[in-house]
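In what follows, a single structure is set out as structure tokens and then discussed.
Residue numbers (the working numbering): 2 to 549.
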């Protein structure tokens, strides 16, 4: 039986596999295509011999720290996207474009040799028997202590058993093509179906030239075509780092059905438009074309049918919950808290699942701790690991309270009340959890009524509120039910501040209660040593006045 099965050989799946491999954890990665990379795809034109990206092209160091650090860690060379020179704008089909000065790409960088270099580097870090290509996932079954996967491989079917399964695929595609037994809950299914797959229905073309004539003319290579007959709507410079291996890239304006209708004449139409924008020097280029709407392992039927809206860089938190008691995880860029749809989001999703798998392994091993830890250090480690699991529980409690309020037709302060109630429940559970841990507090200092262990008790909650708030903001913005409550659908800054003031009061109450519990345990321990009943033993400090 496999320990971890990863479904999907895009960046999320490959990055997770790399992390598991480094931690010496067993894995197998299954990919439906005959290649790895998912939406990352580079092709090499004969004209220049330099790889050109037909999928993701850029990353932005100023706003995307994960992919920036990851590329550096892999030792890949990068260069700045060319943005110097005039930008062209063609507004009418029978007129010449107008030029204007503008930086378009905002500090974007590219990987030398194409994004596929990153895929190849990640694949090289895995053993041959850890990668299975041509495996199309059909069914996922929960068996209580493991999961059974059914794949279609050519004309046959193959079943695989695994303790943990990660589906690092676009959630909307999974919802349409994979059967689950038992079926996923309706809220999770709705969230999967409502998550657009970024760029899934788009098409991209890159054209290779013998020289970068536009640069010689003082143009950046950036152009926008906005008239009704536009074929390629956005154009950019796709040259290599030296600028000598010349290419232009572009995103098509035609929707999927129109691209299919004009498929035979599309190369001529794209060539003609490039010539209209850049002049006769742009005619006759070697074209590399990718229509992602025709990719069955990227684009779902719903992605193809719905027009692509404004990019939303976060996802519904329901997509990030461990399913089937931690045996099943949804991954892929569209599940990310930030950078959903981008390479950044794919890496964030991989990191989230890697941490979740590590926690699951610790729980399965009954929290085996390093030898030599004191009883207090061991208890604090257990408490910290337990707190790390609370965000999912807190969000679920929020969602239950919110649904209850909507069902009873409450209309005021919905988010505020539901979030505060969920947090208070979690804090109450945390205080009770402290009671179950075998602390030895006899020699722990108490100053001004505050146990010295309180800092360690508070530390695991450092990111708890912000993570929960981020999940709530994302959920509210993706909730159809809350679309009728504008103030709850999009939380205003003042409303968030009001909520956080309530949360701060709840945090203070938790700290006071936790400190009282620690002092009571210390008193009980001292009384036991002195042979006195609890409450009669000596004390190392005055009664608590503040612990926050």
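Ideal Cβ placement from N, Cα and C applies to all residues, glycine included.
Just so we're clear, the structure is a prediction, and the values are computed from it rather than from any experiment.
request  = Over the uninterrupted beta strand (DSSP E) stretch that includes residue 32, give me the two end residues.
outcome  = By one-based count along the chain shown, residue 32 stands at place 31. Note, residue 32: beta strand (DSSP E), 28-32.
key: Straight-line Cα distance separating residue 281 from residue 274   = For the purposes of this step, residue 274 is taken as the residue at position 273 of the chain shown. For the purposes of this step, residue 281 is taken as the residue at position 280 of the chain shown. Rounded to whole angstroms, residue 274 to residue 281 spans 10 Å at the Cα level.
task = Kindly list the residues whose CB is nearer than 7 Å to the CB of residue 79, restricted to its own chain and excluding five residues on each side of it in sequence; keep chain order.
result = Here residue 79 refers to the residue found at position 78 when the chain shown is read from its first residue. 72, 110, 111, 112, 113, listed in sequence order.
ask   = Considering only C-alpha positions, which residue in the set 14, 5, 407 is nearest to residue 347?
value = Taking the first residue of the chain shown as 1, we reach residue 347 at position 346. Nearest of 14, 5, 407 to residue 347, Cα basis: 14.
ask   = Do you know how far the Cα of residue 493 is from the Cα of residue 427?
value = Here the question's residue 427 lines up with position 426 in the chain shown. Here the question's residue 493 lines up with position 492 in the chain shown. Rounded to whole angstroms, residue 427 to residue 493 spans 25 Å at the Cα level.
query = What residue ranges within the segment 461-510 form continuous alpha helix (DSSP H) runs of no fewer than 4 residues, ordered along the chain?
reply = 465-479, 487-490
query = Roughly how many whole angstroms lie between the Cα atoms of residue 512 and residue 503?
reply = As a working note, residue 512 is residue 511 in the chain shown. As a working note, residue 503 is residue 502 in the chain shown. Cα to Cα, residue 512 sits roughly 15 Å from residue 503.
ask   = Do residue 254 and residue 285 have their C-beta atoms within less than 8 Å of each other?
value = Here the question's residue 254 lines up with position 253 in the chain shown. Here the question's residue 285 lines up with position 284 in the chain shown. With respect to the 8 Å criterion, residue 254 and residue 285 are not classified as neighbours on the basis of their beta carbons.
Contact the segment 291-306 vs the segment 198-207: 3+ CB pairs below 8 Å = yes
ask   = Hey, residue 47 and residue 53 are a contact pair by Cβ (cut 8 Å); roughly how many whole angstroms apart?
value = For the purposes of this step, residue 47 is taken as the residue at position 46 of the chain shown. For the purposes of this step, residue 53 is taken as the residue at position 52 of the chain shown. Rounded, the Cβ-Cβ distance is 12 Å, inconsistent with contact.
task = Could you name the residues of the same chain whose beta carbon sits closer than 7 Å to that of residue 298, not counting the 5 residues immediately before and after it, in chain order?
result = Locating residue 298 in the chain shown gives position 297, counting from the first residue. Closer than 7 Å at the Cβ level, and outside the excluded window around residue 298, lie 33, 34.
query = Grouping DSSP H, G and I as helix and E and B as strand, with all else coil, what is residue 287?
reply = Counting from one through the chain shown, the residue named residue 287 turns up at place 286. Reduced to three states, the DSSP call for residue 287 is strand.
task = Compare the C-alpha of residue 86 against each of 343, 404, 106 and name the closest.
result = Position 85 of the chain shown, counted from the first residue, corresponds to residue 86. Per the Cα distances, 106.
The beta strand (DSSP E) enclosing residue 229, as first and last residue numbers = For the purposes of this step, residue 229 is taken as residue 228 along the chain shown, with counting starting at 1. Here residue 229 belongs to no beta strand (DSSP E), and DSSP marks it neither H nor E.
task = Mind reading off the beta-carbon distance from residue 238 to residue 83? Whole number of angstroms is fine, and I expect it under 8 Å.
result = Start at 1 with the first residue of the chain shown, and residue 238 comes out as number 237. Start at 1 with the first residue of the chain shown, and residue 83 comes out as number 82. Cβ atoms of residue 238 and residue 83 come within 8 Å of each other, at about 4 Å.
query = When you compare each of 23, 19, 27 to residue 6 by their alpha carbons, which one comes out closest?
reply = Start at 1 with the first residue of the chain shown, and residue 6 comes out as number 5. If we check each option's Cα against that of residue 6, 27 comes out closest.
inquiry  = By the three-class DSSP mapping on this structure, what secondary structure does residue 458 have?
reply    = In the chain shown, counting from the first residue as 1, residue 458 sits at position 457. Residue state, collapsed to three classes: helix.
message = Here's the rule I'm using: 16 or more other beta-carbon atoms within 10 Å means buried, otherwise exposed. How should residue 345 be labelled?
response = Within the chain shown, residue 345 is the residue found at index 344, counting from 1. By the Cβ-count criterion, residue 345 is buried, with 16 or more other Cβ atoms from all chains shown falling within 10 Å of its own Cβ.
ask   = Expressed to the nearest angstrom, what Euclidean distance is found between the alpha-carbon atoms of residue 147 and residue 321?
value = Along the chain shown, read from residue 1 onward, the residue named residue 147 stands at position 146. Along the chain shown, read from residue 1 onward, the residue named residue 321 stands at position 320. Rounded to whole angstroms, residue 147 to residue 321 spans 20 Å at the Cα level.
task = Kindly provide the ranges of any beta strand (DSSP E) runs that are 3 or more residues long and lie completely inside the segment 78-146, ordered along the chain.
result = 79-81, 87-91, 99-102, 110-112, 132-134, 137-143
task = Measure how close the beta-carbons of residue 523 and residue 442 come, nearest whole angstrom, since I'm counting them as under 8 Å.
result = Locating residue 523 in the chain shown gives position 522, where the first residue counts as 1. Locating residue 442 in the chain shown gives position 441, where the first residue counts as 1. About 4 Å separates the two Cβ atoms, so the contact holds.
ask   = Between residue 488 and the rest of its own chain, which residues show a CB-CB distance below 7 Å, the 5 nearest in sequence each way excluded?
value = Numbered from 1 along the chain shown, position 487 holds the residue referred to as residue 488. Once the five neighbours on either side are set aside, the close Cβ partners of residue 488 are 496.
task = To the nearest angstrom, report how far apart residue 21 and residue 10 are at their CA atoms.
result = The sequence position of residue 21 within the chain shown is 20, counting from 1. The sequence position of residue 10 within the chain shown is 9, counting from 1. Roughly 14 Å between the two C-alpha positions.
query = Mind checking residue 261: buried by the 16 CB within 10 Å criterion, or exposed?
reply = The count along the chain shown starts at 1 and reaches residue 261 at position 260. Exposed, since its Cβ has fewer than 16 Cβ neighbours within 10 Å.
key: Cβ pair count under 8 Å reaching 3, the segment 434-451 against the segment 474-490   = no
Beta strand (DSSP E) runs wholly inside the segment 183-254, at least 3 long, in chain order = List check, beta strand (DSSP E) in window: 204-210, 220-226, 233-238, 247-253.
task = Ignoring anything shorter than 4 residues or poking outside the segment 393-449, list the alpha helix (DSSP H) runs there in chain order.
result = 415-437
inquiry  = Residues in the same chain with beta-carbon distance under 7 Å from residue 336, minus the five sequence neighbours each way, listed in chain order, please.
reply    = Indexing the chain shown from 1 puts residue 336 at position 335. So the list reads 172, 316, 320, 321, 350, once near-sequence residues are dropped.
inquiry  = By the three-class DSSP mapping on this structure, what secondary structure does residue 307 have?
reply    = One-based indexing of the chain shown puts residue 307 at position 306. Correct three-state label for residue 307: coil.
ask   = Once you ignore the five residues that flank residue 301 on each side, which residues in its own chain have a CB closer than 6 Å to its CB?
value = Within the chain shown, numbered from 1, the residue matching residue 301 stands at position 300. Closer than 6 Å at the Cβ level, and outside the excluded window around residue 301, lie 173, 174, 177.
ask   = Under the rule that 16 or more other beta-carbon atoms within 10 Å means buried, what is residue 472, buried or exposed?
value = Your numbering for residue 472 matches position 471 in the chain shown. In this structure residue 472 is buried. Its beta-carbon is surrounded by 16 or more other beta-carbon atoms within 10 angstroms.
query = Does the Cβ-Cβ distance between residue 143 and residue 187 come in under 8 Å?
reply = Along the chain shown, read from residue 1 onward, the residue named residue 143 stands at position 142. Along the chain shown, read from residue 1 onward, the residue named residue 187 stands at position 186. Not closer than 8 Å, so no.
Residue 3, enclosing beta strand (DSSP E) - first and last residue = Residue 3 sits at position 2 when you count from the first residue of the chain shown. Residue 3 -> beta strand (DSSP E) spans 3-8.
ask   = Alpha carbon to alpha carbon, what distance is there between residue 381 and residue 370?
value = As a first step, residue 370 is located in the chain shown; it is residue number 369 there, counting from the start. As a first step, residue 381 is located in the chain shown; it is residue number 380 there, counting from the start. With a pLDDT of 48 at residue 370, under the threshold of 50, the modelled position of this residue cannot be trusted; read the value that follows with caution. Inter-residue distance for residue 370 and residue 381 is about 11 Å (C-alpha atoms, whole angstroms).
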